[in-house]
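> Take a look at the following structure, please.
There are 2 protein chains.
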Amino acid sequence: MLVLHHAWRSSASRRVRLCLEEKGLAYEGHVVNLEAMEHHSPEYLKINPNGVIPALIHDGRALYESGTICEYLDEVFPNPPLSPDNAYDRASMRNWVRHVDALIGNLIVFNWRHSLQKVAEKWTDEELAAHLKKIPSKERQEAWLRVARRPYTEEERAAARAKLVVDLLDRMESTLTATAWLAGSRYTIADIAVVPFVKRIDEEIAPEEVDAKHHPGVAEWWAKIQARPAFARANIGPFVGS
Amino acid sequence: MLVLHHAWRSSASRRVRLCLEEKGLAYEGHVVNLEAMEHHSPEYLKINPNGVIPALIHDGRALYESGTICEYLDEVFPNPPLSPDNAYDRASMRNWVRHVDALIGNLIVFNWRHSLQKVAEKWTDEELAAHLKKIPSKERQEAWLRVARRPYTEEERAAARAKLVVDLLDRMESTLTATAWLAGSRYTIADIAVVPFVKRIDEEIAPEEVDAKHHPGVAEWWAKIQARPAFARANIGPFVGS
Numbered sequence: 009m010l011v012l013h014h015a016w017r018s019s020a021s022r023r024v025r026l027c028l029e030e031k032g033l034a035y036e037g038h039v040v041n042l043e044a045m046e047h048h049s050p051e052y053l054k055i056n057p058n059g060v061i062p063a064l065i066h067d068g069r070a071l072y073e074s075g076t077i078c079e080y081l082d083e084v085f086p087n088p089p090l091s092p093d094n095a096y097d098r099a100s101m102r103n104w105v106r107h108v109d110a111l112i113g114n115l116i117v118f119n120w121r122h123s124l125q126k127v128a129e130k131w132t133d134e135e136l137a138a139h140l141k142k143i144p145s146k147e148r149q150e151a152w153l154r155v156a157r158r159p160y161t162e163e164e165r166a167a168a169r170a171k172l173v174v175d176l177l178d179r180m181e182s183t184l185t186a187t188a189w190l191a192g193s194r195y196t197i198a199d200i201a202v203v204p205f206v207k208r209i210d211e212e213i214a215p216e217e218v219d220a221k222h223h224p225g226v227a228e229w230w231a232k233i234q235a236r237p238a239f240a241r242a243n244i245g246p247f248v249g250s
Numbered sequence: 009m010l011v012l013h014h015a016w017r018s019s020a021s022r023r024v025r026l027c028l029e030e031k032g033l034a035y036e037g038h039v040v041n042l043e044a045m046e047h048h049s050p051e052y053l054k055i056n057p058n059g060v061i062p063a064l065i066h067d068g069r070a071l072y073e074s075g076t077i078c079e080y081l082d083e084v085f086p087n088p089p090l091s092p093d094n095a096y097d098r099a100s101m102r103n104w105v106r107h108v109d110a111l112i113g114n115l116i117v118f119n120w121r122h123s124l125q126k127v128a129e130k131w132t133d134e135e136l137a138a139h140l141k142k143i144p145s146k147e148r149q150e151a152w153l154r155v156a157r158r159p160y161t162e163e164e165r166a167a168a169r170a171k172l173v174v175d176l177l178d179r180m181e182s183t184l185t186a187t188a189w190l191a192g193s194r195y196t197i198a199d200i201a202v203v204p205f206v207k208r209i210d211e212e213i214a215p216e217e218v219d220a221k222h223h224p225g226v227a228e229w230w231a232k233i234q235a236r237p238a239f240a241r242a243n244i245g246p247f248v249g250s
């Protein structure tokens, strides 16, 4: 029995849904209300002490951190495999996940203004202080404070965009000129980890960069990703208005 | 053939040395001169594009990120095993590594003033700007800028200390009341990942917290860690004056 606590537009949730769909695993989905800060409630913190989504409950035991959940699913449900068949490529896969995880701040600069900012900017100072106190991570406290009181500037968005182009798309391109997928010849959790980022870059952040002229390898990879049946089933829809 | 690019006092390097020694693996060590910023040289960036230590070369192929290197070593040299024998505990192990990795900023606040700060504070503005330009990670750029021009304050050190006590020692304590080691009944990469942190907390940051009164489970764990032959061989010596 698999239960997924997730949100439709959360990047980390999208990774786990994609992994579940690639494996053909049925699961019960619980949508977490981020605007109501359900992920910082005492009940949710018992599932994930870090207070972020997603979390997966498998036979009553809680798992969290999307990269860790995907590797767990691949170990417990090995077919079809979503890891490379050799140790060196598995190391590359894990470094891709770590690398992309470290870029999430650049996505938040774009993502949160579509949703969480609209809620947070209406809080009184007292409400804001009360909310911030419940957030375990310093980085997430800062992100909530920013959208509530000092929304990210156009300059900051430009810096985040540049970072995503150089540290994600350029690095992907250089890998994809040598191999079919990010961690070798097989589609793996490394590719899954990157999907929610490329989706947002292609949709809003820098669509002109995801094309045959600027990043031909990425463009081809992205076409293959979107053609996979699991991509449609994982419901990685448009960010705005969905 | 294993070649390790490392530094004696680097936390991530200490993890990999510990892992190599637990496995009984011989390796050739290359000490990277951090003060001279050798890890940001074009030659080193070819080995690790992230410009941090350690990096391991195995049969001519480069690996980086300490957590990834340790898992690789455990897969390629499986005896003695340094991962749990079941998928759920392996997920816990990976989450420990992720969790501790995210706390490194709190260690830097204490560690860098013993060494890198003494070098960086002497740079001219031109030298500082030139150095910063070569550093791939924004977080590390910020850390160098701080030690060069605006050393961390006593207040910041107090906040970092509190964070390490709550997010590391308290969390370890709560785990170690249930299991012998951090990821279950076996000593694993989760324990290895934490060692360099507890070493620094015990030595300088909050020694009074690593005792039977405040964190009895951690104190017992720490005694067992220090008694392991691999701990001595990995040369995790005192930070100051070593």
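Line order of the protein sequences matches chains A and B. Each number in the working numbering corresponds to the 1-based position in the first sequence with 8 added. Each number in the working numbering corresponds to the 1-based position in the second sequence with 8 added. Note that CB positions come from ideal geometry on N, CA and C, so glycine has one too.
#1: Run down chain A in chain order and give the residues with a C-beta less than 8 Å from the C-beta of B/Thr-76.
#2: Looking at A/Tyr-80 and B/Ala-95, is the spacing between their C-beta atoms short of 7 Å?
#3: Kindly list, in the order they appear in chain B, the residues whose Cβ is closer than 8 Å to that of A/Tyr-72.
#4: In this structure, does DSSP put A/Gly-37 in helix, strand or coil?
#5: So, under 8 Å CB-CB, B/Leu-26 and B/Val-226 are touching, yes? Tell me the CB distance rounded to an integer number of Å.
#6: Quick one, which residues of the region 50 to 74 of chain B are near chain A if we go by CB-CB under 9 Å, in chain order?
#7: Measure the Cβ-Cβ separation of B/Trp-189 and B/Asp-199 and say whether it is below 7 Å.
#8: Within this structure, are the beta carbons of B/His-13 and B/Ile-61 separated by less than 7 Å?
#9: If we count the other Cβ atoms within 10 Å of its Cβ and call it buried at 16 or more, is A/Pro-92 buried or exposed?
#10: Please state whether the Cβ-Cβ distance between B/Glu-73 and A/Arg-98 is less than 7 Å.
#11: Mind listing which residues of the region 19 to 39 of chain A have their C-beta closer than 8 Å to chain B's C-betas, in chain order?
#12: Looking at the unbroken beta strand (DSSP E) that takes in B/Val-11, where does it start and where does it end?
#13: Taking all protein chains shown into account, decide if B/Val-218 is buried (16 or more other Cβ within 10 angstroms of its Cβ) or exposed.
#14: Classify A/Asp-82: buried if its beta carbon has 16 or more other beta carbons within 10 angstroms, exposed otherwise.
#15: For B/Tyr-160, name the three-state secondary structure that DSSP assigns.
#16: Once you ignore the five residues that flank A/Glu-29 on each side, which residues in its own chain have a CB closer than 6 Å to its CB?
#17: Let me know the secondary structure DSSP gives A/Glu-121 once reduced to three states.
#18: Just to confirm, is the Cβ distance from A/Ile-55 to A/Ala-44 under 7 Å?
#19: When the distance is taken between beta carbons, is B/Thr-196 closer than 7 Å to B/Met-101?
#20: Leaving aside the five residues before and after A/Ser-250 along the sequence, list all residues of the same chain whose C-beta is less than 8 Å from its C-beta, in chain order.
#21: Measure the beta-carbon distance from B/Val-40 to B/His-47 and round it to whole angstroms, keeping in mind my assumption that it falls under 8 Å.
#22: What's the call for A/Gly-75, buried or exposed, on a 16-neighbour Cβ count within 10 Å?
#23: Please list, in chain order, the chain A residues whose beta carbon lies closer than 8 Å to that of B/Glu-164.
#24: Under 8 Å Cβ-Cβ, which residues of chain A neighbour B/Val-84?
#25: Assuming B/His-66 contacts B/Phe-247 (C-beta within less than 8 Å), just tell me the rounded distance between them.
#26: Whole angstroms are fine: how far does the CA of B/Trp-230 sit from the CA of B/Val-206?
#27: Which two residues bound the contiguous beta strand (DSSP E) that contains A/Ile-65?
#28: Can you name the start and end residues of the alpha helix (DSSP H) that A/Leu-4 belongs to?
#29: Which residues of chain B have a Cβ atom closer than 8 Å to the Cβ of A/Tyr-80, listed in chain order?
#30: Confirm, please, whether the CB-CB distance from B/Val-173 to B/Ala-214 is below 7 Å.
#31: Could you pull out every residue in the same chain whose Cβ sits closer than 7 Å to the Cβ of B/Glu-181, ignoring the five residues on either side in sequence?
#32: For the alpha helix (DSSP H) containing B/Asp-133, name the first residue and the last one.
Let me lay it out:
#1: Locating residue 76 of chain B in the second sequence gives position 68, counting from the first residue. Under the 8 Å cutoff, chain A gives Ala-99, Arg-102, Asn-103, Arg-106.
#2: Working through the second sequence from its first residue, we reach residue 95 of chain B at position 87. Working through the first sequence from its first residue, we reach residue 80 of chain A at position 72. Result yes, Cβ atoms of B/Ala-95 and A/Tyr-80 sit closer than 7 Å.
#3: For the purposes of this step, residue 72 of chain A is taken as residue 64 along the first sequence, with counting starting at 1. Asn-103, listed in chain order.
#4: In the first sequence, residue 37 of chain A corresponds to position 29, counting from 1. A/Gly-37 falls in the strand class under three-state DSSP.
#5: In the second sequence, the residue the question calls residue 26 of chain B occupies position 18. In the second sequence, the residue the question calls residue 226 of chain B occupies position 218. That pair is no contact at about 18 Å.
#6: Of all residues in the region 50 to 74 of chain B, only Pro-57, Asn-58, His-66, Arg-69, Leu-71, Tyr-72, Glu-73 place a beta-carbon less than 9 Å from a beta-carbon of chain A.
#7: For the purposes of this step, residue 189 of chain B is taken as the residue at position 181 of the second sequence. For the purposes of this step, residue 199 of chain B is taken as the residue at position 191 of the second sequence. Yes, Cβ-Cβ distance for B/Trp-189 and B/Asp-199 is below 7 Å.
#8: Here residue 13 of chain B is taken as the residue at index 5 of the second sequence, counted from 1. Here residue 61 of chain B is taken as the residue at index 53 of the second sequence, counted from 1. Yes, the Cβ-Cβ distance between B/His-13 and B/Ile-61 is below 7 Å.
#9: If you number the first sequence from 1, residue 92 of chain A lands on position 84. Buried, by the Cβ-count rule.
#10: Translated into positions along the second sequence, residue 73 of chain B becomes position 65. Translated into positions along the first sequence, residue 98 of chain A becomes position 90. Result no, Cβ atoms of B/Glu-73 and A/Arg-98 do not sit closer than 7 Å.
#11: Under the 8 Å Cβ criterion, the region 19 to 39 of chain A contributes no residue.
#12: Position 3 of the second sequence holds residue 11 of chain B. From DSSP, the beta strand (DSSP E) with B/Val-11 extends over 10 to 14.
#13: Position 210 of the second sequence, counted from the first residue, corresponds to residue 218 of chain B. Buried.
#14: Numbered from 1 along the first sequence, position 74 holds the residue referred to as residue 82 of chain A. Buried, because 16 or more other Cβ atoms sit within 10 Å of the Cβ of A/Asp-82.
#15: As a first step, residue 160 of chain B must be located in the second sequence, where it is residue number 152. The answer is coil: DSSP assigns B/Tyr-160 none of H, G, I, E or B.
#16: On the first sequence, residue 29 of chain A is found 21 positions in, with the first residue counted as 1. Same-chain partners within the cutoff: Ala-238, Arg-241, Ala-242.
#17: Position 113 of the first sequence, counted from the first residue, corresponds to residue 121 of chain A. It should be noted that the sequence gives Arg, not Glu, for residue 121 of chain A. Note: A/Arg-121 maps to helix in three-state DSSP.
#18: Sequence index remark: in the first sequence, residue 55 of chain A carries index 47 (1-based). Sequence index remark: in the first sequence, residue 44 of chain A carries index 36 (1-based). Result no, Cβ atoms of A/Ile-55 and A/Ala-44 do not sit closer than 7 Å.
#19: For this step, residue 101 of chain B is matched to residue 93 along the second sequence. For this step, residue 196 of chain B is matched to residue 188 along the second sequence. Yes, they are a contact pair.
#20: As a position in the first sequence, residue 250 of chain A is number 242, starting the count at 1. Here the model assigns A/Ser-250 a pLDDT of 46, short of 50, so the residue's position is not dependable, and the following value carries that caveat. Answer for A/Ser-250: Trp-16, Arg-17, listed in chain order.
#21: One-based indexing of the second sequence puts residue 40 of chain B at position 32. One-based indexing of the second sequence puts residue 47 of chain B at position 39. Contact flag correct, Cβ pair sits at about 5 Å.
#22: Within the first sequence, the letter at position 67 stands for residue 75 of chain A. Counting every other CB atom within 10 Å of its CB across the protein chains shown gives A/Gly-75 a total of 16 or more, marking it as buried.
#23: Stepping through the second sequence from its first residue, residue 164 of chain B is reached at position 156. Neighbours of B/Glu-164 on chain A: none; closest Cβ ~12 Å, over 8 Å.
#24: Position 76 of the second sequence, counted from the start, is the residue given in the question as residue 84 of chain B. Ordered by position in chain A, the residues that pass the 8 Å Cβ test against B/Val-84 are Ala-95.
#25: Within the second sequence, residue 66 of chain B is the residue found at index 58, counting from 1. Within the second sequence, residue 247 of chain B is the residue found at index 239, counting from 1. Between the beta-carbon of B/His-66 and that of B/Phe-247 there is about 29 Å, and that puts the pair past the 8 Å contact cut.
#26: Here residue 206 of chain B corresponds to residue number 198 of the second sequence, with the count starting at 1. Here residue 230 of chain B corresponds to residue number 222 of the second sequence, with the count starting at 1. Whole-angstrom Cα-Cα distance: 8 Å.
#27: Taking the first residue of the first sequence as 1, we reach residue 65 of chain A at position 57. Element bounds for A/Ile-65: 63 to 66.
#28: The question about residue 4 of chain A has no answer here: the residues shown for chain A are numbered 9 through 250.
#29: By one-based count along the first sequence, residue 80 of chain A stands at place 72. In chain order: Ala-95, Tyr-96, Arg-98, Ala-99.
#30: The count along the second sequence starts at 1 and reaches residue 214 of chain B at position 206. The count along the second sequence starts at 1 and reaches residue 173 of chain B at position 165. Against a cut-off of 7 Å, the Cβ pair of B/Val-173 and B/Ala-214 comes out as a contact.
#31: In the second sequence, the residue the question calls residue 181 of chain B occupies position 173. Same-chain partners within the cutoff: His-223, Gly-225, Val-226.
#32: Here the question's residue 133 of chain B lines up with position 125 in the second sequence. Element bounds for B/Asp-133: 133 to 141.
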